[in-house]
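Everything in the sequence shown is counted per this note's numbering, starting at 304 for the first residue and increasing by one.
Think of the CB as a built atom: it goes at the ideal place given N, C-alpha and C, for glycine as much as any other residue.
Working notes for the structure below.
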Amino acid sequence: MWKILTRKLKETNIDWIGEVPENWEISTIGSHYTERTDKVSDLDYIPLSVTKSGIVPQLEIAAKSSNHDNRKLVLKDDFVINSRSDRKMSAGISSIDGSVSVINTVLYSNTIDRNYTKYLLKNYAFAEEFYKWGTGIVDDLWSTKWLKMKNIPIPVPSSEKQKQIGSVIDSMVQNTNNIINGTKESISELKKYRQSVITEVVTKGLNPNVKMKESGIDWIGDIPKHWNIKKIKYSTSTIDAKKDFVKEDIYIGLENVLSYEGRINDYGKLEKDSKEKYFEKGNILYSKLRPYLAKAFIADITGSCSGEFIVFESFKGNKRYLLYWLISQLFTDFINATSYGAKMPRSSWDYIKETSIPRPPKHEENEIVSYLDDKLSQINKLIENKTKVIKELETYKNSLIYEYVTGKKEV
């Protein structure tokens, strides 16, 4: 349980710090930290990446410079922060020796506790202050160099208090992260369940006692005896044409569509007048690029879209039945396995149109859609609620970190 604050606070008149305990010192980063500027080779020192999750070994697939010697030395327990404003909160304490890109600032201190540093120089309030001291033109060129950074004011409690604060925050962060990770696992299981429900119903129907037959298609397996198998091309027509659009018109890119959910997160807008592929209200859009992402939705408005979408103009049946098939795990795995291209796998309409899917009678198709609409609405609501809990926990955690490192909450 947290202690009630019994100490007097003093006003620092520093926006990012606010009030601190009366016996705390207000100093500057340069008074307690030294920049490490040694240049080394990543052939001698393991290349490290500075991420929002901390300092980690660089991935093999990460872009690398041909100049191996133009790296900054990092020693165990050094604090490293990315100086660019478009990399906000990319910082942390390194647990190993290594090397980082010269865009990063490497610091060490003989007066500030390692754990206290970890939270003092990596919280949202400090991050905002840090980039206020930067210079540049746009976000990816705006950076805060050491000459400016060293003048940023910081609160400095006693050495003993620093250790206490670091320890308390470590414990709080671990406990909160455990809850967050447990909630994320729950969301993951719900998403798997959602996919299993879709696949089961679009291949087996709603009657568990129905007689089955072989579909004749290995990846589909058995289907109800009274269902048919039809190639997609016999039930659909597509649009593959462009129209003139003007700036600010509706535009849907792949980033606007949610994976496996059959819906969009928002509509994009064109940045300039241009000729684009178009879709109309009621059309189904399905992404042929990276089909493993299962991005598809039914448009409720007319607009333009990326050429990577297949636009289904019509479907002989309930359009939502086709939509559920397009985002089913079964269909997704099959199309992905037959796509081409390594880094950016892509399918094609020529292949997809020849793909066969089960077709129940019209009334049963409608029943399946109604069932899935209701069932998935329930599952999606649970996922949304759990996602909201995660955001609230992250806010709670970040708020406590700030209050502890500035002494507003007593340990």
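Using the Cα positions of Tyr-581 and Ile-555, report the straight-line distance between them to the nearest angstrom. 10 Å
To test your reading of the DSSP string, which unbroken alpha helix (DSSP H) runs of 4 or more residues are found completely within the segment 628-706? 632-640 and 652-655
I need the straight-line Cα distance from Ile-553 to Glu-488, nearest angstrom please. 35 Å
Confirm the yes/no value for this check: CB of Met-515, any heavy atom of the ligand ATP, distance under 7 Å. For the ligand ATP, the structure offers nothing, since it holds no ligand at all.
What ranges does the alpha helix (DSSP H) occupy inside the segment 545-588, keeping only unbroken runs of at least 4 residues that lie completely in it? none
Using 10 angstroms around the beta-carbon of Asn-385, count the other beta-carbons present and answer buried if the total reaches 16, otherwise exposed. buried
Considering only C-alpha positions, which residue in the set Asp-547, Cys-608 and Lys-533 is nearest to Asp-569? Cys-608
Should the segment 491-498 be called in touch with the segment 650-661, which here means at least 3 C-beta pairs below 8 Å? no
Answer yes if the segment 498-518 comes into contact with the segment 574-590, meaning at least three C-beta pairs across the two stretches below 8 Å, and no otherwise. no
Are there three or more Cβ pairs, one per stretch, closer than 8 Å when the segment 654-666 is compared with the segment 526-541? yes
Beta-carbon contacts of Thr-331 that lie in its chain and below 8 Å, excluding the five residues immediately before and after: Lys-453, Asn-454, Ile-455, Pro-456 and Ile-457
Nearest-angstrom Cα distance between Ser-398 and Leu-410? 14 Å
Whole-angstrom Cβ separation of Ile-406 and Ile-704, contact assumed at under 8 Å? At roughly 25 Å, the Cβ-Cβ gap does not stay under 8 Å, so Ile-406 and Ile-704 are not in contact.
For Glu-611 and Asn-481, what's the separation of their Cα atoms in angstroms? 39 Å
Determine which residues share a DSSP beta bridge with Met-515 and list them. Pro-527
Separation of Lys-464 from Met-304, as counted between CA atoms: Bear in mind that a pLDDT of 48 at Met-304, under 50, signals an unreliable position, so the number given afterwards is only what the model happens to contain. For Met-304 and Lys-464, the distance between alpha carbons rounds to 18 Å.
With DSSP as the reference, label Glu-616 as helix, strand or coil. strand
How many angstroms separate the CA atom of Ser-491 from the CA atom of Asn-484? 10 Å
Between Glu-432 and Trp-319, which are expected to be in contact by the criterion C-beta below 8 Å, what is the C-beta distance as a whole number of angstroms? 4 Å
By the three-class DSSP mapping on this structure, what secondary structure does Glu-314 have? strand
Between which residues of its own chain and Thr-698 is the CB-CB distance below 7 Å, once the five residues before and five after are set aside? none
Closest by C-alpha distance to Asp-547, when choosing among Glu-564, Glu-558, Ser-577 and Ile-535: Ser-577
Can you say whether Glu-579 is buried or exposed, counting buried as having 16 or more other CB atoms within 10 angstroms of its CB? buried
Quick one, which of Tyr-707, Gln-632 and Arg-390 has its alpha-carbon nearest Trp-445's? Arg-390
Using the Cβ count rule (16 or more neighbours within 10 Å means buried), how would you classify Pro-511? exposed
Val-692 to Gln-477 span [Cα, whole Å]: 17 Å
Distance check for Thr-539 and Lys-619, CA to CA, integer angstroms please. 6 Å
If we count the other Cβ atoms within 10 Å of its Cβ and call it buried at 16 or more, is Val-708 buried or exposed? buried
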